[in-house]
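Numbering (mature numbering (1 follows the signal peptide of the UniProt record, and there is no 0)), first residue to last: -19 to -1, 1 to 294.
A short worksheet on the structure shown next.
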């Protein structure tokens, strides 16, 4: 069951992988630098109790997927936890599996040249994932890429911040909810040409062993909680800028509207991909525009690799 949950996590929220790697330069250039924190308090605008926003990374090495005292406190003192999708709804999670395949019975081999297809197949033959390549051939290529990204992490065990947060939340009797459905996320993938997705998958495989002098691991930046650096990193990716409204900005706008409605009556924690937080069209700034005060909160997990010094509380 844990492997199934992990696989659905890779796939059902694989949008976060691309949200973290792509953005629109003109949009982010307007935003002011943010404090180094993944955890933000939402207050003001008539709220009687604060709610919170936390930036996740969907797949991490297990040692890095840690709660801090502050995050535990937030979970205990809020009523509900919202993720991008409802991870505690097994029907929703199982239903996500049916959205993984491409429409029209298409296969990866239909989208790529013979050479590129062989390149992808050879990679997964040499680096097998939890799902056999024969099953992945009909998957939407972005889902395959999410598995590829997980394989690149140099650690024996992986976990996701969402899973860690949900475990603690359920232990404390908190209700788990989702800002989106798996069906909606799948519809976004279907709006991006499969051919474009397949080409991106090949580029990812081509770049696996290519390192430039200024290469910085996204995992290192996440540990440092440097939202401005995350913003800077995603600015370097230009390949699918035409899809950013679908992948990032429209979703941020929808979430900000939903968050506004939800927190009027119920204090909640909203845990979404960290790349959704910064930028002029990021969730933090969109909530500020609605009149809320967003304050960084110290988030220092016990693991020394994930600690950062933040003065805000």
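Virtual Cβ for every residue (Gly too), placed ideally from N, Cα, C.
Query raised in the report: Looking only at DSSP bridge pairs, what is residue 82 linked to?
Result: In the chain shown, the residue the question calls residue 82 occupies position 101. According to DSSP, residue 82 bridges with 120.
**Report entry** residue 201 (DSSP reduced to helix, strand or coil)
**Finding:** Numbered from its first residue, the chain shown carries residue 201 at position 220. In the structure shown, residue 201 sits in a helix (DSSP, three-state: H, G or I).
Query raised in the report: Along the chain, where does the alpha helix (DSSP H) that runs through residue 230 open and close?
Result: The count along the chain shown starts at 1 and reaches residue 230 at position 249. Note, residue 230: premise wrong, no alpha helix (DSSP H); not H, not E.
Query raised in the report: Do three or more CB pairs link the stretch 141 to 156 to the stretch 64 to 83 at distances below 8 Å?
Result: yes
Query raised in the report: Under a three-way DSSP split, which group does residue 278 fall into?
Result: Along the chain shown, read from residue 1 onward, the residue named residue 278 stands at position 297. Here residue 278 sits in strand by DSSP.
Requested in this report: Can you grab the Cα-Cα spacing for the pair residue 138 / residue 27, in whole Å?
Outcome: Mapped onto the chain shown, residue 138 falls at position 157. Mapped onto the chain shown, residue 27 falls at position 46. Answer to the nearest angstrom: the Cα atoms are 44 Å apart.
**Report entry** CB of residue 34 within 9 Å of CB of residue 20, strictly
**Finding:** Locating residue 34 in the chain shown gives position 53, where the first residue counts as 1. Locating residue 20 in the chain shown gives position 39, where the first residue counts as 1. It is a contact, given that the beta carbons lie within the stated cut-off.
Report task. Just grab the DSSP bridge partners of residue 253 for me. Result -> Indexing the chain shown from 1 puts residue 253 at position 272. Note: residue 253 sits in a beta bridge opposite 36.
Report task. Give the DSSP-derived three-state secondary structure of residue 273 in the structure shown. Result -> Your numbering for residue 273 matches position 292 in the chain shown. Looking at residue 273 - three-state DSSP - the assignment turns out to be coil, as it is neither helix nor strand.
Requested in this report: Report all residues from its chain with a CB closer than 8 Å to the CB of residue 272; omit the five preceding and five following residues, and keep chain order.
Outcome: Indexing the chain shown from 1 puts residue 272 at position 291. These residues qualify, in order along the chain: 25, 26.
Query - Opening and closing residue of the beta strand (DSSP E) in which residue 25 lies - result: By one-based count along the chain shown, residue 25 stands at place 44. Segment: none, residue 25 is in no beta strand (DSSP E) and carries neither H nor E.
Query - Helix, strand or coil at residue 238 according to DSSP, with G and I counted as helix - result: Numbered from its first residue, the chain shown carries residue 238 at position 257. Residue 238 falls in the helix class under three-state DSSP.
Query raised in the report: Taking contact to mean at least 3 C-beta pairs separated by less than 8 Å, is the stretch 100 to 113 in contact with the stretch 165 to 178?
Result: no
Query raised in the report: Buried or exposed: residue 176, going by 16 or more other Cβ atoms within 10 Å of its Cβ?
Result: Along the chain shown, read from residue 1 onward, the residue named residue 176 stands at position 195. Classification for residue 176: exposed.
Query raised in the report: Distance, Cα to Cα, residue 231 vs residue 49?
Result: In the chain shown, residue 231 corresponds to position 250, counting from 1. In the chain shown, residue 49 corresponds to position 68, counting from 1. C-alpha separation (whole angstroms): 31 Å.
**Report entry** Opening and closing residue of the beta strand (DSSP E) in which residue 141 lies
**Finding:** Counted from its first residue, the chain shown places residue 141 at position 160. Neither: residue 141 is in no beta strand (DSSP E) and is coded neither H nor E.
Query - C-alpha gap between residue 172 and residue 58, whole angstroms - result: Counting from 1 along the chain shown, the entry for residue 172 is found at position 191. Counting from 1 along the chain shown, the entry for residue 58 is found at position 77. Computed Cα separation, rounded: 39 Å.
**Report entry** Cα-Cα separation between residue 147 and residue 45, rounded to whole angstroms
**Finding:** By one-based count along the chain shown, residue 147 stands at place 166. By one-based count along the chain shown, residue 45 stands at place 64. Cα to Cα, the separation comes out at about 16 Å.
Query - Helix, strand or coil at residue 61 [DSSP, three-state] - result: As a working note, residue 61 is residue 80 in the chain shown. Strand.
Requested in this report: Run the CB neighbour count on residue 280, radius 10 Å, all protein chains shown included, and call it buried at 16 or more, exposed below.
Outcome: Along the chain shown, read from residue 1 onward, the residue named residue 280 stands at position 299. Result: buried.
Query raised in the report: Using the rule of at least 16 other Cβ atoms within 10 Å of the residue's Cβ for burial, across every protein chain shown, is residue 51 buried or exposed?
Result: Looking up residue 51 in the chain shown gives position 70. By the 10 Å Cβ count, residue 51 comes out buried.
Query - residue 159, DSSP secondary structure in three states - result: Start at 1 with the first residue of the chain shown, and residue 159 comes out as number 178. If DSSP states are grouped into helix, strand and coil, residue 159 belongs with the strands.
Report task. With distances taken Cα to Cα, identify the nearest neighbour of residue 118 among 150, 101, 134, 283. Result -> Residue mapping note: residue 118 aligns to position 137 of the chain shown, counting from 1. Nearest C-alpha to residue 118: 101.
Query - Which of helix, strand or coil DSSP assigns to residue 189 - result: In the chain shown, residue 189 corresponds to position 208, counting from 1. Coil.
Query - Start and end residues, alpha helix (DSSP H) containing residue 91 - result: In the chain shown, residue 91 corresponds to position 110, counting from 1. From DSSP, the alpha helix (DSSP H) with residue 91 extends over 89 to 92.
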